[in-house]
Structure formats: structure tokens, C-alpha cells
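A.B. asks: Handing you this structure, nothing more for now.
Numbering (my numbering), first residue to last: 335 to 699.
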């Protein structure tokens, strides 16, 4: 996560894991100077930090700590670490990294964060365990971290999009294959949009405000053999709650919006060559170009007209957003997992594994 105003970049660290891939102890947040890359400090948070969100105007960093796979019933009676295992939300001061408050999760495993700026609330989506259980959405005071309310969701919520022009949010329910429409004033679900049969794979959301479309990316179902499995991009009328169009794409991996051109950008993985496809707001293909076989993250620099694609095999690709022309390919260290852009300095922040590393890039080409 990046705070451009405070010039801070935050990296989540799970810490040591046991044989079952569960954390042995609390995770940490590494705070870096976004200009120099210097590590300023490392702050302990909760078990298994999985998501971070920056509130720049208020100088806050929120971290969702999803806990362990143990359910509440599986914890020993009177266990003192039950709240930690079930998950917590950490509230930090972004400039200093100081931990201000830790709020116990209302449900199993907080996974996704979003900010409701109109009401100054933090939205926290919790999955249910096992994955065929309903998830929930908690509403927290963004300044104090206190819990204000809760709403029931579909199975395994995976992403949240908040409408900037009205009091609604949308939650993608991965297993249910639905989208929950949430009234942010009443703090309750008012509509459920079905995308197909259950179990589903809807995983990413974005709002295109020119047309009022909600963009939903569905990963492909488990591969049964043959070529790349198909996923889809769904264009949804956000006000009426109906699917306008579904575009089938082979093995989509990441989604981004370029609001300067009105394009929906989708990467697809395939061997030996993946693709990067640009759709207009109505779902028509504007351009599609070959990229590396394993694109995993996208970032758009709207002012510079550039698109960055982090690929696990070929490195960092720099493209022109209007034409899809590849300007250059830059080497990176490790296997990329996340990519962020500072719109003020046009610097890129790349987090990779094997080895674990945070890189600051100035891609000029």
C-alpha cells in the first residue's frame, strides 16, 4: 500500500509459517520511505496480515489480519488468543507507523478492506469457514476503529467497490458467484446480483463512472485439461443491478481501469504467450496484444498514458494505453505479486517473492 502524501510505502509480512502454512506468531508491516526506499521501521500487527488500505487525507493505514484457519469452535475453551486467531483489524498512523488500535474481527478471517468516505467508515469483508458459509461485512468508524454495524454477505467475499456518487457499495462473493449491493447509510444488503451458477469465481470489481457500469472479473473454474480455461468480464448496470454483457476471456488474471481513456484493461495468462486486452465501456475490444505468459498485476499512469504489466516470466512491460504498443520490457527481481503507482512522482512500487523484496522503479522508456 502507498501513501503519496506521507511519502510512505507499506509491505505486509506474514512472518514464520508452520508445516500447515499457518503463521507461528504475529505478522508485521514494513514502513519504507517511498522516495529513498529506506526501511524506516517494522511494526508488529496481527496474525497473517493479508490486506492493507491507506486513507491519505486522514493519515491512516488499515491492515486486515486474517488470523489462522482455526474456527471459533476449534479453539480451546477460554483461549486467550481466540480473537487473534479469528482475525483483527489494525489501525496505524501512516506517517509514523505507530499502532493506534487493534479491533477484533466480527467474523472469521477479515480479507478485504474499502473506505466509505461519505460516512468516514471502514468496510471490512470477512469470509466464512469453511468456504460454503456466508461471509459478513463489518462497518467500523475510520477514525476510532469502533464497530458500528454488520451485514450478511454471500459465500467468501473477495472484493469491494464503493460508489463515489451515492451511498452504495458492491461486494463480490467468490463462491456464491453473486454481487451484494450494500446500502451504506442503513448498513444492510439491499440487493443480490447473480452472475451464474454456484460455485462461482467472481473475484475482482471496479466501477466505470462514465457509463455507470460495475465491472466484475470472474476467474476460470478449475482447469480440467486442454488449453487455457475461460473466465469472463461482466458489465453490470450498477443502478439497476442487472448484467448488461458478459465477455468471455481465456484465463483472466488482473483487472484495471484507465479513466482517462474509458478503457477496461484485462490481462490473461497462457503458455507460451499471454495477452493484454483493452475493452471500451460497452465491452468492445479496442486492442489486444501479446504479453508474457504469466501477467499477475497491472498499474495505470493516466497522466503519462502508460500501462505497466508485471509478468512472472518476462519482467515489467511498459505499454501505451491508447494503442497497446509495448514501449519496453524491464527486468525485475523475483516473482511479482503486487504493483502500485505513485501518481505524483510516477514511480512504481513492486513487491515480489523468491526472494521477498520491495522495489522502487522509475520506468522511463
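Using N, Cα and C, we set each Cβ at its ideal position, and we do this for glycine too.
As the structure is a prediction and not an experimental result, all values here were calculated from the model.
Quick check: the stretch 596 to 608 against the stretch 536 to 553, are there 3 or more CB pairs under 8 angstroms?
C.D. replies: With the cut-off at 8 angstroms, the stretch 596 to 608 and the stretch 536 to 553 touch.
A.B. asks: Contact defined as beta carbons within less than 8 angstroms: I believe residue 349 pairs with residue 359. What is the distance between those atoms, to the nearest angstrom?
C.D. replies: 6 angstroms between Cβ atoms; contact.
A.B. asks: Considering only heavy atoms of the ligand SAH, does any lie closer than 6 angstroms to the CB of residue 502?
C.D. replies: Ligands displayed in this structure: none; no statement on the ligand SAH is therefore possible.
A.B. asks: Confirm, please, whether the CB-CB distance from residue 485 to residue 521 is below 7 angstroms.
C.D. replies: Yes.
A.B. asks: Using the DSSP secondary-structure output, state which residues sit across from residue 347 in a beta bridge.
C.D. replies: Note: residue 347 sits in a beta bridge opposite 362.
A.B. asks: Curious, which full-length beta strand (DSSP E) runs of at least 3 residues does the stretch 470 to 549 contain?
C.D. replies: With a minimum length of 3 residues, the continuous beta strand (DSSP E) runs that stay inside the stretch 470 to 549 are 481 to 489, 491 to 496, 502 to 507, 512 to 517, 522 to 528 and 536 to 542.
A.B. asks: Among 400, 374 and 437, which residue has its Cα nearest to the Cα of residue 430?
C.D. replies: Looking at the Cα atoms, 374 is the closest of the given residues.
A.B. asks: Tell me residue 592's beta-bridge partners as DSSP assigns them.
C.D. replies: According to DSSP, residue 592 bridges with 597.
A.B. asks: Taking the straight line between their C-alpha atoms, what separation do you get for residue 688 and residue 668?
C.D. replies: The straight-line gap from Cα to Cα measures roughly 5 angstroms.
A.B. asks: Is it buried or exposed for residue 351, if we count other Cβ within 10 angstroms and need 16 for buried?
C.D. replies: Classification of residue 351: exposed, given that the 10 Å Cβ count is below 16.
A.B. asks: By Cβ distance, which residues of its chain are closer than 6 angstroms to residue 335, with the 5 residues on each side in sequence left out?
C.D. replies: Excluding sequence neighbours, residue 335 sits near 344, 386 and 388.
A.B. asks: Pick from 467, 455, 420 and 505: whose alpha carbon is nearest that of residue 519?
C.D. replies: When only C-alpha atoms are compared, the closest one is 455.
A.B. asks: Take residue 617 and list the residues in its own chain whose beta-carbon comes closer than 6 angstroms to its own, dropping the five residues that flank it on each side.
C.D. replies: So the list reads 569, 579 and 581, once near-sequence residues are dropped.
A.B. asks: Verify whether the separation of the beta carbon atoms of residue 450 and residue 496 is less than 7 angstroms.
C.D. replies: Closer than 7 angstroms, so yes.
A.B. asks: Kindly indicate the opening and closing residues of the beta strand (DSSP E) around residue 662.
C.D. replies: Note, residue 662: beta strand (DSSP E), 660 to 664.
A.B. asks: Quick one: residues in its chain with C-beta nearer than 7 angstroms to the C-beta of residue 428, no 5 flanking neighbours on either side, listed in chain order?
C.D. replies: Excluding residues within five positions, the ones whose Cβ falls inside 7 angstroms are 337, 340, 342, 388, 393, 394 and 395.
A.B. asks: Considering only DSSP beta bridges, list what residue 433 is partnered with.
C.D. replies: Answer is 426.
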